[in-house]
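Worksheet for the structure shown next.
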Amino acid sequence: MHLPMISQIINLLAAILLLLSFAMLTQRRILSLINFFALQGLTLTLAILVVAYSTGQHHLYYSAALTFVLKVLILPWVLHRLIRKLNVKWDVETLINIPTTMLVGIGLVILAFNVALPISQLAGTIARSTLGIALACVLLAFLTMITRSKAVPQVIGFLAMENGLVFAATSATYGMPMVVEFGIALDVMVGMVILGVFFFQIRERFESLDIRHLEKLTEE
Amino acid sequence: MNWQLYLVLGTPLLGGILLALWGHKRWAAGLNIAMSVATFVAAAALTAQIISDGPLITANEQFFVDSLNVFLVALTAFVSMTTSLFSRPYMRIEHALGKLSDNRLRLFHSMYQLFIFTMLVVLLTNNLGILWVALEAATLTTVLLVSLYRTPASLEAAWKYFILCGVGIAQALFGTILLYSASQKVLGAGGGALLWTHLAPAAGSLEPTVMSLAFVFLLVGYGTKVGLVPLHNWLPDAHAEGPTPVSAILSGLLLNVALYALLRCKVLVDGALQAPFASHLMMGFGLLSVVVAAFFLSKQKDVKRMFAYSSVEHMGLVTFAFGMGGPIANFAGLLHMTLHSLTKSAIFFAVGHAAQKTGTQIMDDIRGLIKVSPTVGWGLMLGSIAILGVPPFGVFASEFLILTSAMRQQPWATPFLLIALGVAFAAVFSKVQPMVFGETNAKRLPHPPALIPVFAHLAIVLTLGFYIPPYLVDWYRVAAKLIG
Numbered sequence: 001m002h003l004p005m006i007s008q009i010i011n012l013l014a015a016i017l018l019l020l021s022f023a024m025l026t027q028r029r030i031l032s033l034i035n036f037f038a039l040q041g042l043t044l045t046l047a048i049l050v051v052a053y054s055t056g057q058h059h060l061y062y063s064a065a066l067t068f069v070l071k072v073l074i075l076p077w078v079l080h081r082l083i084r085k086l087n088v089k090w091d092v093e094t095l096i097n098i099p100t101t102m103l104v105g106i107g108l109v110i111l112a113f114n115v116a117l118p119i120s121q122l123a124g125t126i127a128r129s130t131l132g133i134a135l136a137c138v139l140l141a142f143l144t145m146i147t148r149s150k151a152v153p154q155v156i157g158f159l160a161m162e163n164g165l166v167f168a169a170t171s172a173t174y175g176m177p178m179v180v181e182f183g184i185a186l187d188v189m190v191g192m193v194i195l196g197v198f199f200f201q202i203r204e205r206f207e208s209l210d211i212r213h214l215e216k217l218t219e220e
Numbered sequence: 001m002n003w004q005l006y007l008v009l010g011t012p013l014l015g016g017i018l019l020a021l022w023g024h025k026r027w028a029a030g031l032n033i034a035m036s037v038a039t040f041v042a043a044a045a046l047t048a049q050i051i052s053d054g055p056l057i058t059a060n061e062q063f064f065v066d067s068l069n070v071f072l073v074a075l076t077a078f079v080s081m082t083t084s085l086f087s088r089p090y091m092r093i094e095h096a097l098g099k100l101s102d103n104r105l106r107l108f109h110s111m112y113q114l115f116i117f118t119m120l121v122v123l124l125t126n127n128l129g130i131l132w133v134a135l136e137a138a139t140l141t142t143v144l145l146v147s148l149y150r151t152p153a154s155l156e157a158a159w160k161y162f163i164l165c166g167v168g169i170a171q172a173l174f175g176t177i178l179l180y181s182a183s184q185k186v187l188g189a190g191g192g193a194l195l196w197t198h199l200a201p202a203a204g205s206l207e208p209t210v211m212s213l214a215f216v217f218l219l220v221g222y223g224t225k226v227g228l229v230p231l232h233n234w235l236p237d238a239h240a241e242g243p244t245p246v247s248a249i250l251s252g253l254l255l256n257v258a259l260y261a262l263l264r265c266k267v268l269v270d271g272a273l274q275a276p277f278a279s280h281l282m283m284g285f286g287l288l289s290v291v292v293a294a295f296f297l298s299k300q301k302d303v304k305r306m307f308a309y310s311s312v313e314h315m316g317l318v319t320f321a322f323g324m325g326g327p328i329a330n331f332a333g334l335l336h337m338t339l340h341s342l343t344k345s346a347i348f349f350a351v352g353h354a355a356q357k358t359g360t361q362i363m364d365d366i367r368g369l370i371k372v373s374p375t376v377g378w379g380l381m382l383g384s385i386a387i388l389g390v391p392p393f394g395v396f397a398s399e400f401l402i403l404t405s406a407m408r409q410q411p412w413a414t415p416f417l418l419i420a421l422g423v424a425f426a427a428v429f430s431k432v433q434p435m436v437f438g439e440t441n442a443k444r445l446p447h448p449p450a451l452i453p454v455f456a457h458l459a460i461v462l463t464l465g466f467y468i469p470p471y472l473v474d475w476y477r478v479a480a481k482l483i484g
């Protein structure tokens, strides 16, 4: 009965991830959004650790460490700092009201499960049943991004999407090769630095981080 | 030792680091040129080596060079060299006009070299995971270049570029994960399962359902970067708002590189499915891009935006050609990729100087270029004629090949292509003609413009219209066969 127990733990963590994705989707306050993101990173780290322990895939320990350092420590810290430096305290306005977003989100989850079903059946990993949840997290993060009008929440949505992808990699394949994981982490880091620079540029120009200022370039 | 390969990758990386330190000095533009020339020389040496010795796998199988990517490496190195020649006077003029500070020049020079580096990594890597990482890095290096002027419009363009390409490339990562999960079962866990040289021979035994789903995600992801409709929204903004050298390399090189990534994946999916699933998707997206972009062309007011839409159109055409597949269509696609890169970057060079002379990018305000500067005027006119596929320019040959193979293989698509090309011709020609001829409002520039790159590119395009050297034909044939 060892393996089913492990599977159950992984499924539990996957469910928590999905729950956190929904929480981020509906969260109005920006500080809570960052905290949820950190919590998601932590859950992800635990999930990777459990998979690593149960399968004896050593490189997953590095992957877990990388996730922990990057997603739980560095990025939330950078985001908190940015928020303080930019002095943004406002609540996040969503472009669509929250109940509608929730309904769309549920639709996306159903879609994700259907898409992932044939692959889950083929994958031989113990966490295969969670691939649908991983895809759902990616799609929900995407929804979080497109329903927000401010720059910082959009970026958090983007990073949450990356969390979903890492979880997908863990559940479908026991993680990508190490060199690729480091590359991805490097890209995320560099991306954050560039975004930090970018926030200040937008702010300097518009005196606000509202992306609705950035809607002039459209086709008439 | 494969010194050529290391030199190709090392030179732009070193250039990026050096220019990050000294990119604001007066001689920085010269250093930028020197590094780009050195990269091109190394790429030429690499090409010569591949032609004489055949495909190369090196550095613990992490790098792989065959006829398909070495041709793109040579093209990338060449266009980045000419663009660096163009950017020297162009950026000096922008600096003199007070649009750019020393620090921004440093950012530009450094990121320019790093952008070239990331593209070369995409082309040369054997690892599909690293390919993804490098392509994402290529986006990151150009985000700050698009917003170099810090105008509201350029910030908006850069934000859109970052978010849309970021989301797109995230889909591609999911596709890569799926691909890895399929290949892992055949090739075993570990680094080998993402290496192209291991995947390609084993493509037939990869799980078809997983691979087809993976391709959908990869197409959406890399297709965003190629600028395929309906994922093209970032492209016109980024091209119009960034500095012109950046528009030239985005249009001439990045789109090609993204399409290359897609092609590598298509070969695997074709091998796994034994059915034209990937081909149909690529044909559909390609054709849609051609038609939609052609109709958007006539609505444009900004000259760089218009040529950006023209890039969408041409990338669509190339994607369609690769979708059709077969030796002739693939040959035509590769040829069109080459010619489009050369012609479009030449057009952006001319457009850049024209916009500097008139102080605007709005086409209605640019008039009579030929009176002030015959070379800029003729450069723009000839470039436009070339990109519209007028004989004897080479684009005519490649478009003709694509059309005739469409008639043979996919007759239903031919009317759409013909109408789209016709609409594009009418739109672009009627807008460029008054810009070049007629009364003028242009003024003199503080530095002489760089026109050698414009005419060098156009001369090559013209020559390829008359005569494609036999070794180039062989080369394209071999490359076309690799894509299946």
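Respectively, the protein sequence lines represent chains A and C. Sequential numbering from 1 applies to the first sequence in the numbering used here. Sequential numbering from 1 applies to the second sequence in the numbering used here. No residue lacks a Cβ here, since even glycine has one placed at the ideal position from N, Cα and C. Because the structure is a prediction, the values reported are computed rather than measured.
Just mark residue i as buried or exposed, buried being the case when its beta carbon has 16 or more other beta carbons within 10 Å.
i, result
"THR101(A)", "buried"
"VAL152(A)", "buried"
"GLY325(C)", "buried"
"GLN433(C)", "exposed"
"PRO453(C)", "buried"
"VAL144(C)", "The amino acid at residue 144(C) is misidentified as Val; the sequence shows Leu. Label assigned to LEU144(C): buried."
"GLU204(A)", "exposed"
"LYS491(C)", "There is no way to answer for residue 491(C), as the model of chain C reaches only from 1 to 484."
"VAL473(C)", "exposed"
"TRP159(C)", "buried"
Looking at chain A, is there any beta carbon in it that lies within less than 8 Å of the beta carbon of residue i?
i, result
"VAL291(C)", "no"
"ARG264(C)", "no"
"ALA294(C)", "no"
"PHE174(C)", "yes"
"LEU144(C)", "yes"
"THR197(C)", "no"
"ILE468(C)", "no"
"GLN4(C)", "no"
"VAL133(C)", "yes"
"SER181(C)", "yes"
Excluding the five sequence neighbours on either side, which residues of its own chain have a C-beta within less than 7 Å of the C-beta of residue i, listed in chain order?
i, result
"PHE78(C)", "PHE40"
"THR58(C)", "ASN2, LEU5"
"PHE22(A)", "GLY105, LEU140"
"ILE48(A)", "LEU60, SER63, ALA64, THR67, THR170"
"GLU439(C)", "ARG367, GLY368"
Three-state secondary structure (DSSP) at residue i?
i, result
"PHE182(A)", "helix"
"VAL478(C)", "helix"
"VAL60(C)", "It is Asn, not Val, that sits at residue 60(C) in the sequence shown. If DSSP states are grouped into helix, strand and coil, ASN60(C) belongs with coil."
"LEU263(C)", "helix"
"ILE468(C)", "coil"
"LYS304(C)", "helix"
"GLU220(A)", "For GLU220(A), the pLDDT reaches just 45, beneath the cut-off of 50, and the residue's location in the model is therefore unreliable, although a value from the coordinates is still provided. If DSSP states are grouped into helix, strand and coil, GLU220(A) belongs with coil."
"GLY16(C)", "helix"
"ILE362(C)", "strand"
"MET1(A)", "Because the pLDDT at MET1(A) is just 45, under 50, the model does not fix this residue reliably, and the value given afterwards should be weighed accordingly. Coil."
"LYS25(C)", "coil"
"THR151(C)", "coil"
Report all residues from its chain with a CB closer than 6 Å to the CB of residue i; omit the five preceding and five following residues, and keep chain order.
i, result
"PRO244(A)", "Outside the shown range of chain A, which is 1 to 220, sits residue 244(A), and nothing can be said about it."
"GLN154(A)", "MET145, ARG148"
Chain C beta carbons: is any one of them nearer than 8 Å to that of residue i?
i, result
"VAL51(A)", "no"
"ARG205(A)", "yes"
"ILE133(A)", "no"
"GLY183(A)", "yes"
"THR173(A)", "yes"
"PHE113(A)", "no"
"MET1(A)", "Low confidence applies here, because MET1(A) scores a pLDDT of 45, under 50, leaving its location unreliable and the question unanswered by this model."
For residue i, which residues of its own chain have a beta-carbon under 8 Å away from its beta-carbon, when the five flanking residues on both sides are left out?
i, result
"GLN184(C)", "ALA193"
Report yes if the C-beta of residue i is less than 7 Å from at least one heavy atom of the ligand GTP; otherwise report no.
i, result
"LEU335(C)", "Summarising the ligand content, the structure contains no ligands, and the ligand GTP is consequently not present."
Next item on the list: Could you please tell me which residues of the stretch 367 to 398 of chain C, in chain order, have their CB closer than 9 Å to any CB of chain A?
Entry: Residues passing the 9 Å Cβ filter: none.
Checklist line | Short-range partners of chain A found in the stretch 146 to 159 of chain C, where Cβ spacing is below 9 Å | finding: SER147, ARG150, THR151, PRO152, ALA153, LEU155, GLU156, ALA157, ALA158, TRP159
Check: Taking a cut of 8 Å between CB atoms, which residues from the stretch 154 to 171 of chain A lie near chain C?
Finding: Per Cβ criterion, the list reads GLN154, PHE158, MET161, GLU162, LEU165, ALA168, ALA169.
Check: Given a limit of 7 Å on CB to CB distance, which residues of the stretch 69 to 89 of chain A reach chain C?
Finding: Going along the stretch 69 to 89 of chain A in chain order, one finds no residue with a Cβ nearer than 7 Å to chain C.
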